[in-house]
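Numbering (my numbering), first residue to last: 518 to 780. Where a beta carbon is used, it is the ideal one built from N, C-alpha and C, also for glycine.
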Amino acid sequence: MTDTPMNETPMNETPARDTIARRTVLVATGATAATLAVGAAASGTSTAPTTDTAPVAAAAVCTLTKEMTEGPYYLDGQYVRADITEGKTGFPLELALTVVDDDTCATISNALVEIWHCDALGEYSGYVGNNGHNEPDSGTFLRGGVLTDSGGVARITTVYPGWYRGRCVHIHVKVHVGVTLTADGSFTGGTELHTGQLFFDETVTAKVGALSPYSANTVTRTTLAQDGIYDDGGAASGLLTLTALGSSPSAGYSGTLTLGVER
């Protein structure tokens, strides 16, 4: 199943694996810790400047993250790398994504977390021009991923995404286990555990979208509430917790989320 191409409306699209039950598992680490973790995940955003990008502790709470459509812009065999920007302009985004087994809440190390998203003008590498803008197309910008560390955390540097017609601001994500790294910096094989999307708080996106280079994107922006895929499910549906890295949106944001997957 895919995102709707540019010449069609996405509102008729049905998210993948819609029948998967979402559930939250609270681990016996104390009611206070669990409550704090749930509150942090539900808040969606924080505007206090900080350099701490540690995700919500997986030992406190874990949720089966909802599966969502892969979209039409996935490309196989992208690079395993921590920085996927390739010099693209945009506000910094430092992602810290924790992968956990949703049944046990145990973190999963050596899982490949792969992401891909459009640039500030709503263009995907390999498909430049679909959102009406001309720019160089490397076929690889804003694509790639890393293996989770011993704590189950994947840290990826990118830029805040733009938007294209009919979709809210989002990042696509896949989680694989058992991959083989290749000599050319990519990967092969393995088992795909999760395909989903990461979403952004509307208040933050509105501030980002008002500034250059995002303001040069003249395509009407679809909000979370208008999007045909995001279901207002908060963290369970991929809503990132955003923290400002400075006093201005141009300083960028950290984005954290715990991805609960089925092994």
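Beta-carbon proximity list for residue i, same chain, < 6 Å, skipping 5 on both sides
i, result
"THR562", "Unreliable positioning characterises THR562 in this predicted model, as indicated by a pLDDT of 45, which lies under 50. The coordinate reading is nonetheless provided below. Closer than 6 Å at the Cβ level, and outside the excluded window around THR562, lie ASP718, VAL721, LEU759."
"PHE716", "HIS687, TYR747, GLY755, LEU756"
"SER767", "PHE608"
"LEU600", "Going by the sequence as given, residue 600 is Asp instead of Leu. Once the five neighbours on either side are set aside, the close Cβ partners of ASP600 are THR674."
"VAL630", "LEU614, GLY662, ALA671, VAL692"
"LEU741", "CYS685, GLU719, TYR747"
"GLY649", "none"
Residue i to residue j span [Cα, whole Å]
i, j, result
"HIS711", "ALA628", "11 Å"
"ALA752", "THR582", "8 Å"
"TYR770", "GLY726", "14 Å"
"VAL778", "VAL616", "7 Å"
"ASP703", "ARG660", "According to the sequence displayed, residue 703 carries Ser and not Asp. So the two alpha carbons sit approximately 11 Å from each other."
"ARG598", "ILE632", "11 Å"
"THR794", "ALA623", "The structure shown has nothing for residue 794, since the chain only spans 518 to 780."
"VAL663", "VAL696", "11 Å"
"TYR590", "SER642", "8 Å"
"LEU762", "ASN651", "31 Å"
"SER764", "THR699", "41 Å"
"ASP701", "HIS634", "22 Å"
"GLU709", "GLY604", "29 Å"
"VAL749", "ARG682", "Val is not the amino acid found at residue 749; the sequence shown has Asp there. Their Cα atoms are separated by approximately 20 Å."
Neighbourhood of residue i by C-beta distance below 8 Å, restricted to the same chain and skipping five residues each side
i, result
"PRO653", "VAL645"
"THR602", "PHE658, LEU659, THR674, THR675, VAL676"
"THR705", "GLY594, VAL696, THR697, THR699"
"GLN814", "Residue 814 falls outside the range modelled here, since the chain spans only 518 to 780, and no answer is possible."
"SER655", "GLU603, SER642"
Contacting residues, own chain, Cβ-Cβ under 7 Å from residue i (five flanking each side not counted)
i, result
"SER626", "THR665, ASP666, SER667, GLY669"
"GLY713", "THR582, LYS583, GLU584, MET585, VAL690, GLY755"
"CYS579", "VAL542, VAL617, ASP619, CYS622, THR775, GLY777"
"ARG780", "ASP618, LEU710"
"LEU728", "PRO766, SER767"
Span of the beta strand (DSSP E) around residue i
i, result
"GLU709", "708–716"
"GLU611", "609–618"
"GLY726", "Counting along the chain, GLY726 falls outside any beta strand (DSSP E), though it belongs to the alpha helix (DSSP H) covering 719–726."
"ALA623", "No beta strand (DSSP E) holds ALA623; DSSP gives it neither H nor E."
"GLY669", "Segment: none, GLY669 is in no beta strand (DSSP E) and carries neither H nor E."
Pair within 7 Å by beta-carbon distance, residue i and residue j
i, j, result
"ASP636", "GLY679", "yes"
"VAL692", "GLY707", "no"
"ARG684", "THR735", "no"
"LEU614", "TYR677", "no"
"LEU612", "GLY772", "yes"
"THR621", "PRO730", "no"
Beta-carbon separation (whole angstroms), residue i vs residue j, contact threshold 8 Å
i, j, result
"THR674", "GLN595", "So it is not a contact: roughly 15 Å between Cβ atoms."
"ALA723", "LEU638", "Between LEU638 and ALA723 the Cβ distance is about 18 Å, and since that is not below 8 Å, they are no contact."
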